[in-house]
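First the structure, in the form of structure tokens, and then the observations on it.
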Amino acid sequence: MFRKFNFRKPLGVLLAFAVTLGMSATVYAAGPDTVKKDKLELGKKTYFRRCVWCHGVEGGGDGPSADRLFTRPRNFNQGTFKIRTTDSGELPMEADLIKTVTNGLPGSAMPSWGNVLSNEEIVSVVNFVKTLVQDRSFDDVEDEEVNVQDFGSNPWGTTGPYHLGVPQEAIDQGKEIFIKNKCFECHGGEGRGDGNPTMKDDWGFPIVAADWQQCWNFRGSRRNAYDPFNVVRTVNTGLNGTPMPNFKDQINQEDRWKIAAFVNSLCPRKNIDPLANKPVSDFLISSEFTAGPVAKSIDDPMWTVPDSDTKITGWQDDEAYKEEWGAVNRPRKNYVAMAGQITRGKRNFDPKVDNLWITSRWSEEENAVYYLVEYHLRFLSNDPEWKEMVGIQWPAQLQDLFGAEKPYFIYGDSKKPVHIWRADFLPQNYKPTNAPNPEGYKLDVSVTELNGKGFDDVTVRENPVVEVVDSIYKQGRVKILFRRSLTTENADNLEVQIPPQKFIPVAFMQWSGRDHEKDEHMAISTWFYTILKPQIPNSIYVNAVIMGCVFAGFQGWLVWMTRRTRKMYDDGVVLRDRLPDQPS
Amino acid sequence: MNKTLLSLIVFVATLGVFHNVLFPIFTPKEVGMVMNRYVYYLIMVLTVIFLHLIMKIKPAMAFRGLMVWLLGFYFYKFILFPPVPWTLFITYMMLWSIGTFLYISQDPITFREFREPIVRTIVGDYKFAQIIVFTLMPFLVGFGTYKALYPTFEEPVELRTVHPAPPATTKVHGKTYALEGLQNPFRIAEQDDYQDSFPFLDADKSEYMKHVTDGGSLFFENCHYCHGDQLNGLGMFSHVFNPTPANFVDPGTIAMLRESFLFWRVSKGGPGLPNESTPWSSAMPPWEEHLKTDEIWKIILFEYWYTGWHPRTFDGESSITLSE
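Protein chains in written order, with this note's numbering: chain H, 87 to 670; chain U, 9 to 332.
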């Protein structure tokens with residue numbers, strides 16, 4: 087029940103508990119965990135081997151890596167720690183810091199050290215880090231007080247990894263609490279962190295609100311992304327040093343769990359890679375066969391697949407869809423991990439987008455393929471000089487590739503060129519500071535087709551044939567629906583021709599205009615595969631019935647044979663094999 | 009009471025209790041001489057036998073065979089550690105099935121006893137069982153056919169050579185280096201003497217630690233995005249790329265390579281790989297485009313210092329060029 091029960095100070099706990107029982111949400115109030123002097127030698131050794139590179143010689147968060155990281159490494163000097171179980175503004179418990187070092191901070195460069203350092207080393211390095219706090223002191227038991235919060239316990243008893251099964255009623259109530267407390271002002275209308283572009287942290291560095299729909303990036307997720315406790319803790323304690331205050335007076339404990347239920351319900355359930363703390367990429371993007379033409383509107387049920395892995399959530403198509411489309415498979419929404427292009431030319435160390443979601447269908451009747459590209463981006467550009475862009479990269483000469491061979495994944499190479507379909511767009515009537523707009527923003531889109539023979543040899547194709555048939559920017563999410571015919575007329579050998587039922591390499595690129603990304607300064611994925619799946623032939627149902635009947639016939643033959651053998655034994659036509667202990 | 013039914017209850021109950029209660033107890037984090045999964049399995053099998061002996065139950069031969077087969081299945085599925093890939097699992101289970109059949113057919117009596125219920129089901133002595141089996145089987149076969157024919161698409165498997173053969177020479181920043189015998193110019197002392205030194209703090213006191221500090225700083229400005237803060241190939245961008253970035257802590261990477269090989273790999277990056285190493289999807293930059301020659305050597309020096317590995321050397325070649 088008490089998450090932070092500290093057995094080293096039982097008396098203090100008892101006293102504090104007696105005083106605070108029933109009147110406050112604090113379960114433990116006392117001085118901070120003082121520095122364990124005997125640990126400092128090992129702590130210093132560990133710090134200077136492992137931590138100094140980012141956190142700096144004096145713990146100022148100014149190590150060699152710091153300037154290229156967003157978010158920056160923690161500056162320890164002020165004693166400001168985000169993930170705590172103590173009240174806002176207070177120092178953290180030692181156990182909080184130990185958990186942070188052990189689990190790392192997902193979504194940042196801080197890795198989990200639990201598998202690398204021994205427990206002894208982690209405790210030591212945490213104590214050494216405490217000595218790097220200059221403006222306050224963990225040893226100042228007179229002036230420093232810590233109040234460990236009572237978070238209550240999960241009222242629905244849900245369990246990891248996915249924490250499914252929270253009642254819808256609690257989620258709906260959580261949404262009301264979300265609206266009442268104006269969480270959307272920073273976190274955006276649907277929680278994608280697209281509310282406020284002007285925020286700064288205590289040190290004046292820009293900072294953005296958490297994207298609730300990517301909960302695996304929650305810093306305090308403790309490698310348990312879907313646990314609502316993570317949200318309860320943050321609502322209860324705030325994040326020191328950031329604009330996130332605590333809401334413990336506005337939202338009572340019962341409601342904190344409800345808002346956590348709401349926040350959590352937004353996060354798509356995907357298989358999380360335990361090493362990377364991110365969803366596992368769906369490396370095969372299947373383009374689903376569609377009878378007749380494909381809908382050209384993003385809002386059409388054809389395109390409204392949930393983000394969550396339907397195998398995890400057990401999501402089912404609604405009856406209306408099934409009635410209209412029968413057994414036609416829904417395409418999966420594929421997760422595509424993105425990274426900054428940090429290989430060639432002008433490198434991008436802090437991409438604003440770290441994943442895309444791709445859904446695809448194709449139509450034999452139309453002889454065309456569709457790719458719906460979606461991604462979260464908190465704020466868009468409205469500067470015509472710096473358009474937002476997203477692109478799909480193909481090998482231009484698919485037919486010439488041998489085996490696993492592909493062009494170089496960054497704009498191809500001189501021998502193997504690539505063909506890129508790029509949508510360049512700006513939102514209409516949009517300002518990053520606008521209040522959440524449930525209608526979304528229409529986009530002015532133009533398509534550019536490129537040929538690349540290396541990142542320094544990219545040419546724009548004339549007369550693009552690729553179309554963007556629908557697009558929108560809504561509540562922090564861009565959606566672009568690409569369409570192209572499978573084959574093009576008068577192809578000049580630098581235009582991809584897409585064959586059905588073949589594995590085709592495909593990669594993705596994204597440029598945030600607002601952050602002045604262009605050319606090779608972008609976010610990029612590695613090569614994925616896509617395949618235009620064939621229609622399921624009716625013959626497989628027929629064959630299944632035929633095989634069943636054949637087997638039934640075989641069974642009949644077996645019975646007849648066995649009965650005949652028995653009868654022959656009984657009639658004495660043949661002799662039963664004699665057993666060794668039977669007299670002959 | 010039916011002996012076979014009794015035996016079934018004993019068998020299921022024993023396995024249930026053992027698997028749910030005792031298995032977690034016998035598989036602690038620190039594996040001991042007694043507290044391990046194999047001892048657990050042995051005790052479980054002996055318990056099943058012992059219970060049958062003291063309760064004097066001798067179930068039908070077919071069920072005995074089934075028990076033997078299931079215990080083997082349980083062993084390969086849950087006990088054997090680390091778990092075997094499914095292809096190997098199938099192979100093991102085929103061998104185990106043959107073994108079970110040998111047990112069944114050890115002499116004509118047991119074999120006849122084993123066949124008895126099967127034959128009686130087929131001819132209809134057990135009417136109820138016959139109806140169930142003979143109705144279900146065709147449906148199962150039909151469903152299996154449907155499953156087998158339903159087209160599924162898995163992404164193609166791609167193999168690559170992780171450490172390709174290096175070329176004889178490489179040209180970096182206009183200078184040609186012969187990789188054979190090429191030394192790290194900053195390896196001026198025995199690395200083991202500096203394992204307890206502090207980067208930054210000792211950089212002024214020792215030339216060697218200065219190089220390590222420089223190399224580390226460069227590493228954390230450029231390389232950690234992929235190769236990770238822990239040099240274990242788990243940087244914040246690592247999961248995006250395929251092939252995944254090299255894990256320097258692993259004994260299979262820098263620990264078994266010469267520094268000259270690293271120099272070539274770092275300088276030329278992904279585009280400098282031969283075709284069998286899939287140069288098209290390697291995100292490794294040709295670092296000669298971003299770093300100076302000296303910087304590359306210092307980063308290599310740092311990687312060995314941090315991981316504690318020593319670069320591989322061959323006879324007649326020393327990894328240390330001690331300066332007087």
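A virtual CB, placed ideally from N, CA and C, is assigned to each residue, including glycine.
Label residue i either buried or exposed according to how many other C-beta atoms from any shown protein chain fall within 10 Å of its C-beta, with 16 as the threshold for buried.
{"i": "residue 109 (chain H)", "result": "Note that residue 109 (chain H) scores 43 on pLDDT, short of 50, meaning its location in the model is unreliable and no value can be drawn from it."}
{"i": "residue 269 (chain H)", "result": "buried"}
{"i": "residue 439 (chain H)", "result": "buried"}
{"i": "residue 367 (chain H)", "result": "buried"}
{"i": "residue 341 (chain U)", "result": "Residue 341 (chain U) is absent from the model: chain U starts at 9 and stops at 332."}
{"i": "residue 242 (chain U)", "result": "buried"}
{"i": "residue 227 (chain U)", "result": "buried"}
{"i": "residue 33 (chain U)", "result": "exposed"}
{"i": "residue 50 (chain U)", "result": "exposed"}
{"i": "residue 671 (chain H)", "result": "No information on residue 671 (chain H) is available, as it lies outside the stretch 87 to 670 that chain H covers here."}
{"i": "residue 110 (chain U)", "result": "exposed"}
{"i": "residue 65 (chain H)", "result": "Outside the shown range of chain H, which is 87 to 670, sits residue 65 (chain H), and nothing can be said about it."}
Rounded to the nearest angstrom, what separates residue i and residue j at their Cα positions?
{"i": "residue 248 (chain H)", "j": "residue 423 (chain H)", "result": "20 angstroms"}
{"i": "residue 79 (chain U)", "j": "residue 43 (chain U)", "result": "20 angstroms"}
{"i": "residue 160 (chain H)", "j": "residue 483 (chain H)", "result": "48 angstroms"}
{"i": "residue 107 (chain H)", "j": "residue 15 (chain U)", "result": "Note that residue 107 (chain H) scores 44 on pLDDT, short of 50, meaning its location in the model is unreliable and no value can be drawn from it."}
{"i": "residue 265 (chain H)", "j": "residue 293 (chain H)", "result": "22 angstroms"}
{"i": "residue 302 (chain H)", "j": "residue 517 (chain H)", "result": "28 angstroms"}
{"i": "residue 36 (chain U)", "j": "residue 30 (chain U)", "result": "11 angstroms"}
{"i": "residue 76 (chain U)", "j": "residue 53 (chain U)", "result": "10 angstroms"}
{"i": "residue 630 (chain H)", "j": "residue 197 (chain H)", "result": "51 angstroms"}
{"i": "residue 282 (chain H)", "j": "residue 274 (chain H)", "result": "8 angstroms"}
{"i": "residue 512 (chain H)", "j": "residue 463 (chain H)", "result": "13 angstroms"}
{"i": "residue 126 (chain H)", "j": "residue 120 (chain H)", "result": "12 angstroms"}
{"i": "residue 250 (chain U)", "j": "residue 595 (chain H)", "result": "16 angstroms"}
{"i": "residue 135 (chain H)", "j": "residue 207 (chain U)", "result": "7 angstroms"}
{"i": "residue 533 (chain H)", "j": "residue 550 (chain H)", "result": "7 angstroms"}
{"i": "residue 129 (chain H)", "j": "residue 321 (chain H)", "result": "32 angstroms"}
{"i": "residue 670 (chain H)", "j": "residue 85 (chain U)", "result": "With a pLDDT of only 46 at residue 670 (chain H), under the threshold of 50, the placement of this residue in the model should not be trusted; the figure read from the coordinates follows. Roughly 47 angstroms separates the two Cα atoms."}
{"i": "residue 522 (chain H)", "j": "residue 403 (chain H)", "result": "29 angstroms"}
Can you name, in chain order, every residue of its own chain whose Cβ lies under 6 angstroms from the Cβ of residue i, other than the five neighbours on each side?
{"i": "residue 448 (chain H)", "result": "373, 455, 618"}
{"i": "residue 407 (chain H)", "result": "387"}
{"i": "residue 26 (chain U)", "result": "52"}
{"i": "residue 590 (chain H)", "result": "616"}
Under 8 angstroms Cβ to Cβ from residue i, same chain only, skipping five residues before and after it: list those, please.
{"i": "residue 230 (chain H)", "result": "117, 118, 176, 177, 222, 223, 224"}
{"i": "residue 543 (chain H)", "result": "497, 500"}
For residue i, which of the options has the nearest alpha-carbon?
{"i": "residue 143 (chain U)", "options": "H:634, H:650, H:656, H:659", "result": "H:634"}
{"i": "residue 359 (chain H)", "options": "U:255, U:246, U:222", "result": "U:246"}
{"i": "residue 378 (chain H)", "options": "H:131, H:113, H:628, H:621", "result": "H:621"}
{"i": "residue 584 (chain H)", "options": "H:432, H:615, H:354, H:320", "result": "H:615"}
{"i": "residue 71 (chain U)", "options": "U:218, U:12, U:107, U:98", "result": "U:12"}
{"i": "residue 371 (chain H)", "options": "U:160, U:121, U:59", "result": "U:160"}
{"i": "residue 312 (chain U)", "options": "U:228, U:299, U:267", "result": "U:267"}
{"i": "residue 382 (chain H)", "options": "H:457, H:315, H:339, H:399", "result": "H:457"}
{"i": "residue 326 (chain H)", "options": "H:304, H:395, H:168, H:147", "result": "H:168"}
{"i": "residue 298 (chain H)", "options": "H:425, H:193, H:188, H:524", "result": "H:193"}
{"i": "residue 571 (chain H)", "options": "H:201, H:450, H:129, H:261", "result": "H:450"}
{"i": "residue 636 (chain H)", "options": "U:145, U:200, U:317", "result": "U:145"}
Looking only at its own chain, which residues have a Cβ that is under 7 angstroms from the Cβ of residue i, when we skip the five neighbours before and after it?
{"i": "residue 324 (chain H)", "result": "174, 330, 331, 332"}
Counting pairs of Cβ atoms below 8 angstroms between the stretch 199-214 of chain H and the stretch 180-187 of chain H, do you hit three or more?
The stretch 199-214 of chain H is in contact with the stretch 180-187 of chain H.
Cβ contact (3+ pairs, closer than 8 angstroms) linking the stretch 516-530 of chain H and the stretch 556-563 of chain H
They touch, by the three-pair rule.
If contact is defined by three or more beta carbon pairs under 8 angstroms, each pair taking one atom from either stretch, is the stretch 338-354 of chain H in contact with the stretch 215-223 of chain U?
Under the 8 angstroms Cβ criterion, the stretch 215-223 of chain U does not count as touching the stretch 338-354 of chain H, having fewer than three qualifying pairs.
Report yes or no: do three or more beta-carbon pairs, one from the stretch 424-438 of chain H and one from the stretch 603-612 of chain H, lie closer than 8 angstroms?
In short, these stretches touch, since the Cβ pair count reaches three.
Counting beta carbon pairs with one atom in the stretch 500-509 of chain H and one in the stretch 464-482 of chain H, are three or more of them shorter than 8 angstroms?
The stretch 464-482 of chain H vs the stretch 500-509 of chain H: in contact.
Counting beta carbon pairs with one atom in the stretch 172-186 of chain U and one in the stretch 271-284 of chain U, are three or more of them shorter than 8 angstroms?
Touching, yes, given that three or more Cβ pairs across the two stretches are closer than 8 angstroms.
Report yes or no: do the stretch 346-355 of chain H and the stretch 251-263 of chain H share at least 3 C-beta pairs separated by less than 8 angstroms?
Yes: at least three Cβ pairs fall under 8 angstroms.
How about the stretch 92-99 of chain U and the stretch 115-124 of chain U: do they share at least three Cβ pairs that are nearer than 8 angstroms?
A contact is defined here as three or more CB-CB pairs under 8 angstroms, and the stretch 92-99 of chain U fails this definition with respect to the stretch 115-124 of chain U.
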